[in-house]
Every structure is written in structure tokens, then in C-alpha cells.
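**Q**
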Amino acid sequence: MEKAKKIREGDVRTASRLIRNIEDNIPEARSTIKDLFHDTGKAHVVGITGSPGAGKSTLVDGIIDWCRRKGKTVGVLAVDPTSPFSGGAILGDRIRMQRHADDPGVFVRSLATRGFLGGLSKAVGDAIHILDAMGKEVILVETVGAGQQEVEIINHAHTVVVVLVPGMGDEIQVIKAGIMEIADIFVINKSDREGTRKLQREILSMLEMSPSSAGGWKPSILTVGNAFDRAVFEAGIEVLSTKIEAHYQHLVCNDRMEDRIRRKAMHELSEALRACILEPILNGLVTAGDLNWMIGKVIRKEADPYTLAEEVAGRCLQKGAALK
Ligand SMILES: Nc1nc2c(ncn2[C@@H]2O[C@H](COP(=O)(O)OP(=O)(O)OP(=O)(O)O)[C@@H](O)[C@H]2O)c(=O)[nH]1
Ligand SMILES: [Mg+2]
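Residues 1 to 324, numbered by the working numbering, are exactly what the sequence shown covers, in order.
Quick look at the structure:
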């Protein structure tokens with residue numbers, strides 16, 4: 001309760017330590033999240049996703065500025081799915097957003113996990129709760145669009161911004177990753193580069209082909225750039241930030257918020273079930289040496305995965321041990 005109280009008061013050190021414990025999957029962290037849960041659900045969570053180096057952090061930095069000028073407090077999570085131990089991207093983010101370090105209205109953290117079960121999505125959800133409980137009004141979640149990662153953000157964010165760069169074969173990437181379904185706003189970044197118009201046309205024609213969402217929001221395509229021309233960049237950020245806000249208003253005014261909240265709740269519950277049921281079972285199997293033994297059986301085709309899993313499920317569910 002004490003930790004939750006400190007976080008509600010905006011204590012940066014307690015929040016940072018809790019986020020680190022979440023990353024390390026330390027069980028005690030869960031109880032603080034339980035204590036905090038009631039105070040969450042107030043922030044506008046915005047996902048900023050796109051391929052490595054697309055300019056996401058540069059945009060996030062611009063949006064932070066914009067929010068601060070409007071008097072809004074901001075939390076930022078830079079999610080690093082690649083390597084829990086790497087410093088590259090994380091270091092870059094830290095440096096890029098360093099100038100906000102002394103501003104108590106801004107809280108920036110990088111996030112990675114060491115769990116072999118993935119667990120990153122649960123960590124992201126919990127970290128968002130922490131920032132939310134701290135009272136951050138806008139929470140920006142930067143995720144690298146690697147594989148499924150970018151589609152995952154839809155489970156956490158109210159508004160999803162997809163960042164694309166001209167001339168990087170993004171056209172193909174858009175179709176592949178199922179991005180069309182999750183993007184509320186497309187940003188064509190680094191539009192100082194060649195190929196902007198072509199990319200714009202590609203997105204437009206794909207949007208025309210995909211069925212319009214029931215909520216009536218038509219995904220916007222914005223061009224932002226060049227980050228090195230201050231005036232142009234700031235004008236682009238102004239348009240983007242206003243659009244992000246407009247999307248939030250759209251959700252609220254058209255009763256669409258319910259859908260997003262429901263999706264988030266459903267996702268969080270299934271992640272929690274995984275943590276409370278699957279994780280202890282797997283850990284038990286690892287400790288007993290059974291997991292390797294079972295993997296060997298599957299490799300040698302002596303048993304199929306379903307039969308083995310059913311045996312484990314039968315054993316554990318009967319005992320009720322998994323629910324502890
Ligand atoms: N030409 C050009 N370069 C840009 C622009 N915006 C950002 N960059 C450069 O692109 C590089 C990557 O920018 P970041 O903002 O770190 O990109 P990111 O998507 O956050 O990168 P990761 O987090 O590593 O995936 C940096 O060297 C930026 O200076 C732009 O508008 N035009
Ligand atoms: Mg970045």
C-alpha cells in the first residue's frame with residue numbers, strides 16, 4: 001500500500017523501481033499493481049509504432065513538447081523487444097529525450113523483459129498502469145514494428161500511430177503486418193526523402209480496399225518531416241498531435257471507447273491467466289527437468305505435444321496447484 005501511495009503521489013524512484021521489478025517478473029511487483037489498479041484508466045494511451053529507425057523517438061520527443069505547451073503531463077515507454085541486455089536503442093532514446101529529464105511533468109522509461117515466455121506485453125500493460133496511476137495524462141508507448149510486436153500495441157493503446165518511411169519497402173510491409181486494421185493515424189516520416197507521394201498513394205489505395213471500420217473513423221495519412229528543419233517539423237508535430245487528440249475525442253463522442261477498453265481488459269485478463277496458470281506449470285516442469293524430457297519426446301516423435309499437454313493439464317488442474 002505504501003508503494004502504491006508513493007506512486008500515486010508521482011514518486012519517480014518508486015515508479016522506476018517497480019517498472020524494473022515488472023521487467024524482471026518479480027512476484028511482489030504484482031501486489032503493488034493490484035493496489036494501483038483502481039486508480040488507472042484515466043490516461044490517453046497512444047501507441048507509436050514502426051520499423052527500426054523510422055524516426056519514432058524523434059516524433060515522440062516532438063509530441064512531448066507539444067503536450068507540455070498545452071499543460072499536459074506525459075509518460076513515455078520505449079519498448080525494446082530485441083534484446084533485454086542491449087543498450088543501443090535504449091541509450092538512443094534516453095539521449096534523445098534527455099532534455100525533458102528535469103521536467104517533473106515528463107517521465108520516460110525504456111522497457112524490456114527477460115522472461116522466456118515473452119511476457120513483454122504484460123510488462124507493457126503493467127507499466128502503463130504505473131504511469132497512469134502517477135497521473136500522467138498522455139502516455140506514449142513506442143514499439144518497434146518487429147513481427148507481431150506492432151499488432152500487439154492495439155491491445156494497450158486507445159490511439160495507434162503507425163510510422164512509415166518512404167523508400168524502405170514499407171508498401172509491402174503495410175500489407176504483411178496487418179497494419180491496416182490497427183492504424184488510426186499513418187505518419188509518413190522523413191518526408192524530405194523521395195517516394196513520399198508513392199507511399200501515400202499506396203496507403204490510400206489499400207485503405208480504399210479495406211472495409212471501413214464500424215466506428216466511422218477514417219485513418220488519416222499525415223506527412224511529418226523533416227526533423228532537421230525546425231519550423232517544418234514543428235508544424236508537422238502540431239498537425240499530428242491535434243489529430244491524436246481528435247481521435248481520442250472521436251472515441252469518446254461516438255461510444256467507441258468501450259470497444260478499446262474491453263479489448264484491453266480481455267487481453268490483460270488472458271495475460272494474467274497465463275502468469276498465474278501457465279507460468280507456474282512451466283516453471284515446475286523446468287525445475288523437475290520434465291520440460292526437457294518432454295521436448296525430447298516430441299522431437300523423437302514418441303509423443304505429440306497435445307497428448308503431453310493434456311496429461312500435464314489433467315494433473316495440475318486436478319490438484320488445483322496451478323492456481324496458487
Ligand atoms: N532524413 C531524416 N532523418 C530523420 C528524420 N527524423 C529522424 N531522422 C533520423 O533517423 C534516425 C532514427 O531516428 P529515431 O527517432 O531514433 O528513430 P526510431 O524509430 O525511434 O528508432 P529505433 O527506436 O531505434 O527503432 C536518427 O538518426 C534521426 O536523426 C527526418 O524527418 N528526416
Ligand atoms: Mg526509438
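Even glycine gets a Cβ: it sits at the ideal position worked out from N, Cα and C.
In this text, all values refer to a predicted model and were calculated from it rather than measured experimentally.
If contacts are defined as beta-carbon pairs under 8 angstroms, then residue 138 and residue 44 qualify, I think. What distance do you get, rounded to the angstrom?
**A** Within the sequence shown, residue 138 is the residue found at index 138, counting from 1. Within the sequence shown, residue 44 is the residue found at index 44, counting from 1. Sure, about 5 angstroms apart at Cβ, within 8 angstroms.
**Q** Got a sec: does ligand 2 put a non-hydrogen atom nearer than 7 angstroms to the Cβ of residue 142?
**A** Against the sequence shown, residue 142 aligns to sequence position 142. Yes, Cβ of residue 142 sits closer than 7 angstroms to a heavy atom of ligand 2.
**Q** Less than 8 angstroms between the CB atoms is what I'm expecting for residue 50 and residue 164, so what's the real figure, rounded?
**A** Locating residue 50 in the sequence shown gives position 50, counting from the first residue. Locating residue 164 in the sequence shown gives position 164, counting from the first residue. With 8 angstroms as the limit, residue 50 and residue 164 qualify as a contact, their Cβ atoms being about 6 angstroms apart.
**Q** Cα separation between residue 57 and residue 142?
**A** The sequence position of residue 57 within the sequence shown is 57, counting from 1. The sequence position of residue 142 within the sequence shown is 142, counting from 1. Their backbone Cα atoms lie some 7 angstroms apart in a straight line.
**Q** Does DSSP put residue 221 in a helix, a strand or coil?
**A** Locating residue 221 in the sequence shown gives position 221, counting from the first residue. It is a strand residue.
**Q** With H, G and I counted as helix, E and B as strand and the rest as coil, what does DSSP make of residue 37?
**A** As a working mapping, residue 37 is identified with position 37 in the sequence shown. Residue 37 falls in the helix class under three-state DSSP.
**Q** Just to confirm, is the Cβ distance from residue 166 to residue 198 under 8 angstroms?
**A** For the purposes of this step, residue 166 is taken as the residue at position 166 of the sequence shown. For the purposes of this step, residue 198 is taken as the residue at position 198 of the sequence shown. Cβ atoms of residue 166 and residue 198: closer than 8 angstroms.
**Q** What's the gap between the Cα of residue 91 and the Cα of residue 264?
**A** Here the question's residue 91 lines up with position 91 in the sequence shown. Here the question's residue 264 lines up with position 264 in the sequence shown. With a pLDDT of 49 at residue 91, under the threshold of 50, the modelled position of that residue is not reliable, and no figure is offered here.
**Q** Could you check the C-alpha separation between residue 17 and residue 2 for me, to the nearest Å?
**A** Counting from 1 along the sequence shown, the entry for residue 17 is found at position 17. Counting from 1 along the sequence shown, the entry for residue 2 is found at position 2. So the alpha carbons of these two residues sit roughly 14 angstroms apart.
**Q** CA-CA distance, residue 313 and residue 281?
**A** The count along the sequence shown starts at 1 and reaches residue 313 at position 313. The count along the sequence shown starts at 1 and reaches residue 281 at position 281. Their Cα atoms are separated by approximately 9 angstroms.
**Q** Could you tell me which residues DSSP pairs with residue 111 in its beta bridges?
**A** Here residue 111 corresponds to residue number 111 of the sequence shown, with the count starting at 1. DSSP output for residue 111 lists 79 as bridge partner(s).
**Q** In the DSSP assignment, find the unbroken alpha helix (DSSP H) run with residue 245 in it and report its ends.
**A** Residue mapping note: residue 245 aligns to position 245 of the sequence shown, counting from 1. Residues 230 to 253.
**Q** With contact counted as at least three CB pairs below 8 angstroms, one residue from each stretch, are the stretch 61 to 73 and the stretch 240 to 247 in contact?
**A** With a cut-off of 8 angstroms, the stretch 240 to 247 and the stretch 61 to 73 count as touching, because enough Cβ pairs lie within range.
**Q** Run the CB neighbour count on residue 332, radius 10 Å, all protein chains shown included, and call it buried at 16 or more, exposed below.
**A** Since the displayed the chain opens at 1 and closes at 324, residue 332 lies outside it and no answer follows.
**Q** My understanding is that residue 339 touches residue 127, with C-beta atoms under 8 angstroms, so please give their C-beta distance in whole angstroms.
**A** Only positions 1 to 324 of the chain appear in this structure, which leaves residue 339 out of reach.
**Q** From the DSSP output, in three-state form, read off residue 47 for me.
**A** Numbered from its first residue, the sequence shown carries residue 47 at position 47. Three-state DSSP puts residue 47 in a strand.
**Q** Roughly how many angstroms lie between the CA atoms of residue 9 and residue 107, to the nearest whole one?
**A** What you label residue 9 is simply residue 9 of the sequence shown in a count that begins at 1. What you label residue 107 is simply residue 107 of the sequence shown in a count that begins at 1. Taking the straight line from one Cα to the other gives about 13 angstroms.
**Q** Going by alpha carbons, who is nearest to residue 161 out of 275, 80, 109 and 245?
**A** Here the question's residue 161 lines up with position 161 in the sequence shown. Of the listed residues, the one whose Cα sits closest to residue 161 is 245.
**Q** At which residues does the beta strand (DSSP E) containing residue 143 begin and terminate?
**A** Locating residue 143 in the sequence shown gives position 143, counting from the first residue. That run of the beta strand (DSSP E) goes 138 to 144.
**Q** Hey, quick one: how far does the beta strand (DSSP E) through residue 187 stretch, first residue to last?
**A** Mapped onto the sequence shown, residue 187 falls at position 187. Counting along the chain, the beta strand (DSSP E) containing residue 187 begins and ends at 185 to 188.
**Q** Just how far apart, CA to CA, sit residue 290 and residue 298?
**A** Locating residue 290 in the sequence shown gives position 290, counting from the first residue. Locating residue 298 in the sequence shown gives position 298, counting from the first residue. Distance between the alpha carbons of residue 290 and residue 298: 12 angstroms.
**Q** Cα-Cα, which of 231, 191 and 203 is closest to residue 181?
**A** Position 181 of the sequence shown holds residue 181. Nearest of 231, 191 and 203 to residue 181, Cα basis: 203.
**Q** Beta-carbon within less than 7 angstroms of residue 136's beta-carbon, same chain only, minus the 5 sequence neighbours each way: which residues are those?
**A** Against the sequence shown, residue 136 aligns to sequence position 136. Excluding residues within five positions, the ones whose Cβ falls inside 7 angstroms are 43, 73, 74, 75 and 107.
**Q** Alpha carbon to alpha carbon, how far is residue 292 from residue 286? Give it in angstroms, no decimals.
**A** Taking the first residue of the sequence shown as 1, we reach residue 286 at position 286. Taking the first residue of the sequence shown as 1, we reach residue 292 at position 292. Approximately 7 angstroms, taken between the alpha carbons.
**Q** Here's a check: name, in chain order, each residue in its chain whose Cβ is nearer than 6 angstroms to the Cβ of residue 260, leaving out the five neighbours to either side.
**A** Position 260 of the sequence shown holds residue 260. Hits under 6 angstroms: 158.
**Q** Alpha carbon to alpha carbon, how far is residue 24 from residue 129? Give it in angstroms, no decimals.
**A** Taking the first residue of the sequence shown as 1, we reach residue 129 at position 129. Taking the first residue of the sequence shown as 1, we reach residue 24 at position 24. Spanning the two alpha carbons is a distance of roughly 17 angstroms.
**Q** In this structure, does DSSP put residue 73 in helix, strand or coil?
**A** Residue 73 sits at position 73 when you count from the first residue of the sequence shown. Residue state, collapsed to three classes: coil.
**Q** Quick one: what's residue 159 bridged to in DSSP?
**A** Your numbering for residue 159 matches position 159 in the sequence shown. DSSP output for residue 159 lists 46 as bridge partner(s).
**Q** Excluding sequence positions up to five away, which residues of its chain have a Cβ less than 7 angstroms from the Cβ of residue 32?
**A** The residue labelled residue 32 in the question sits at position 32 within the sequence shown. The residues are 3, 4 and 18.
**Q** Please classify residue 86: is it buried, with 16 or more other beta-carbons within 10 angstroms of its beta-carbon, or exposed?
**A** Here residue 86 is taken as the residue at index 86 of the sequence shown, counted from 1. Bear in mind that the predicted position of residue 86 carries a pLDDT of just 45, short of 50, making it too unreliable to give a figure here.
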